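Before any comments, here is the structure.
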């Protein structure tokens, strides 16, 4: 399976973005005493002290009777629970009302109910990037580049991608009627697709030259370890000589899953991760695996958080892997979600422990430094050009800066990249226009800006320009070579 | 008394900044039914329904027993009350813990306990702007421009202004030992000052040429109406022929106070303001005053909020006053603070009503449009220059943009103000350097940047450059003239 481009949105990812920055434990690893035990005051049956219940009740009553608009009492109670969590000052301890809780749990599970089509937004149109393997969408015959015109009679034209995804998804067993436009055909196709459980793909692998394999992990969901082993085994059967594991922009996931994956590489008896509870008791997770005899490197960046950092730390400190890319995010805590206790479908995600790397470092707020720092080209993160006014000689703005960064990234050497449109920039624009078969004016009008952006997206999607990936593969090749000459 | 410059910080204002954006009612104007009455579920003695108390108690217990760090239970309860208020989605309904509540009430009262010196921060030094009239600081002989070196043995050098103010303030009757440096003298002076109640000055007046008076109101505190009437009466005795009321950057204050002030100008029987409660009942505040026979204008800007907007609306719609300056802030609600109910010194400030202008407009979120829009010069809001690197020909940055705006404001015509340092900018820098008796290089080094900023501050403080104030005075002069020629 091919590595997915960063430009594509997963149907589920579009809905879940942001909620997954967690490191969940699923009950078995830790247990705690019953709630409310440690309060020293006289408690009511609810677990609140009399004075606490009185303060909360008085506030609730005042708001309800005095506020100038009508008030939803349950919103106030949810607000109160939310406020308690916020008082902790920990961004990873959160209250989630029922709807958010459901999405969160889907993301942890790595599955959802829908049709299973990865979609992206293209000029206001919802376009299929690819149907997920084995999903209802694939079985029905949905193809990459199909444009989804409408769902159950509702047009998706111009709709926000998240809203469109919400229309396509739905409960298991329900039917989505999709009107599709395919190729340049004027005639549309209609598909009746029954929604079902769809397992989210979180592992992608490829085999590069000289036996170097690359496995990308997009998040650590419940099924990710099994999928990882599957892909790893495929690569090994193809004669894997060295492996690059890519956890860039991987926000984390489930703790036992990352331990399971790390165990494939950390030799028996060595530490994968240490977990320190509130009483400062440390629990060392020791590998029962046997290690690998081929070299491993980990690609990471500032979007690699939590479980990704556990993997990077474990493989660096206990399996001799090199870390390549940018400094990682820096989240060194473990959360559990309590989803039954509140009794109404809402849940509390609470930070219950710190985790430390095998050598006992707490990377929280600092991240992990790569062994080999490799930056992506600056045009990977350039802002788009505001096309409402043309840019020309003597213009000076952040739009010119974007255009200069794009021109430079595409090899047209504008000279300066600080936003001032000088003669060097003008010459570069002319060269680009000539190469792109546009009218050569030296002025960045709408057409030129669009052509620049299109050329840039191609450049970003071209693996040849992925500095970090290239360096990872190169390092592994070197290590394979060194090993071969030693043996 | 002279109008205070915008650059100065009031001792109290430095501590209260931001908390005053309110429109308080002090008990008499509105009454409501008892708290908690409207809940339809079975309530416990605290006013919470069983299910509510259970949810809150469970969350509290889970956090306390599971969170990875120790937890202050009272912080969680305060967080819960805070969370209820935030659930309203109203930025003006807030929970304030005891300390914040005390500061808030001081700001409403318009008095505090301290020594009564208005101070500013100047290059890391705490400098007295002026002692407040009749305050302990004035009685002890503290003078403008005194540098406060230390308070009770603690050096203020390099301290944040808010922290320094907190050191200077203290309970009534306590003593502050101030070490002062005055003039260029190497010897320091020591003052033992007994802290006392200090009334904050909120009203400043001046008489301009041709009988035009200007009264500035900085906020509407409990004593502001009395002070306003005092200053107005002084001006009238001096032969006032027309009045400019300046409520620019006045964040508001107490509702009955602004009604009292508006009543000086709104003729008997006309509406000052309408207040609409949660049941959509409107209460019209009708003037019992007699109006004035001289013209009135109100200066306002985007910092004029709440009570300032009530005054502007009342005087425009019911007293024929012209509004001059920028669009106002747009806060159309009334709050009451409930400071006894929670029983622990904390308070709830709750929005209890909307207010409408005399003709029934709700200006919330929109503000009031001036009759005559007058902008201040752009250099009034320019950012300071980062002096770590010199700026010179072909530089391109926001620092250059600041420098160009300053040069332009000072009359040196750099040509462009977009951040690109061209030959026009270079010529302007040379002219400025020559006038400021600096080495003429055309390069903005530290000395040139400092000289530019010093010249700019002088320009901002010069009333001749206050476009809005000038226009206000001019309009009133015209109206006085028109009236005279009609009579």
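Residue numbers (the numbering used here), protein chains in the order written: chain R, 1 to 487; chain U, 1 to 487.
For every residue, glycine included, the Cβ atom is placed at its ideal position computed from N, Cα and C.
Keep in mind that this is a model prediction, so the values were computed, not measured.
query, result
"Residues near residue 144 of chain R in its chain [Cβ-Cβ closer than 7 Å; skip 5 each side]", "128, 129 and 130"
"Beta-carbon gap between residue 369 of chain U and residue 327 of chain U smaller than 7 Å", "yes"
"DSSP three-state assignment for residue 335 of chain U, whether helix, strand or coil", "strand"
"Interface partners of residue 420 of chain R on chain U, CB under 7 Å", "396 and 420"
"Length of the line joining the Cα atoms of residue 137 of chain R and residue 120 of chain R", "15 Å"
"Cβ contact check for the region 172 to 191 of chain U and the region 204 to 213 of chain U: 3 or more pairs under 8 Å", "no"
"Spatial neighbours of residue 362 of chain U in its chain, beta-carbon cut-off 7 Å, leaving aside the 5 residues before and after", "332, 354 and 356"
"Nearest-angstrom Cα separation, counted from residue 347 of chain U out to residue 219 of chain R", "45 Å"
"Contacting positions in the region 277 to 289 of chain U - beta carbon closer than 8 Å to chain R", "277 and 278"
"Within-7 Å CB hit, residue 423 of chain R to chain U", "no"
"Cβ of residue 55 of chain U within 7 Å of any chain R Cβ", "yes"
"Option in R:223, R:230 and R:195 with minimal Cα separation from residue 205 of chain R", "R:230"
"DSSP-derived helix/strand/coil call for residue 152 of chain U", "coil"
"Residue range of the unbroken alpha helix (DSSP H) whose run includes residue 81 of chain U", "73 to 87"
"Residue 473 of chain U - containing alpha helix (DSSP H), residue span", "467 to 486"
"CA-to-CA distance, residue 452 of chain U to residue 159 of chain U, given in whole angstroms", "26 Å"
"Environment of residue 253 of chain U [buried if 16+ CB atoms lie within 10 Å]", "buried"
"Whole-angstrom distance between residue 429 of chain R and residue 444 of chain R, CA atom to CA atom", "7 Å"
"Neighbouring residues, chain U, relative to residue 75 of chain R (Cβ below 7 Å)", "87"
"Alpha-carbon to alpha-carbon, residue 343 of chain U and residue 125 of chain R", "58 Å"
"Below-7 Å beta-carbon distance, residue 232 of chain U vs any chain R residue", "no"
"Limits of the beta strand (DSSP E) - the one that residue 406 of chain U falls within", "Taken as a continuous stretch (DSSP letters only), residue 406 of chain U belongs to no beta strand (DSSP E), being part of the alpha helix (DSSP H) at 398 to 409."
"Residues near residue 260 of chain R in its chain [Cβ-Cβ closer than 6 Å; skip 5 each side]", "225"
"Neighbourhood of residue 380 of chain U by C-beta distance below 7 Å, restricted to the same chain and skipping five residues each side", "460"
"Inter-residue Cα distance where the pair is residue 46 of chain R and residue 108 of chain U", "38 Å"
"Beta-carbon proximity check, residue 175 of chain R vs residue 162 of chain R, cutoff 7 Å", "no"
"Own chain, CB closer than 6 Å to residue 282 of chain U, minus 5 neighbours either side, in chain order", "274 and 276"
"DSSP-derived helix/strand/coil call for residue 227 of chain R", "helix"
"Beta carbon proximity, residue 352 of chain R to chain U, threshold 7 Å", "yes"
"is_contact[residue 406 of chain U, chain R] using C-beta, thresh 7 Å", "no"
"Residue closest to residue 101 of chain R, alpha-carbon to alpha-carbon, out of R:462, R:340 and R:446", "R:340"
"Coarse secondary structure for residue 118 of chain U, derived from DSSP in three states", "strand"
"Contact set for residue 416 of chain U: own chain, Cβ-Cβ below 8 Å, skip 5 residues either direction", "404, 422, 424 and 425"
"Contact residues within the region 361 to 381 of chain R, judged by C-beta distance below 9 Å to chain U", "none"
"Burial state of residue 485 of chain U (16 or more Cβ within 10 Å)", "exposed"
"Whole-angstrom C-beta distance between residue 307 of chain R and residue 323 of chain R, which should lie under 8 Å", "The Cβ separation is near 15 Å, so there is no contact."
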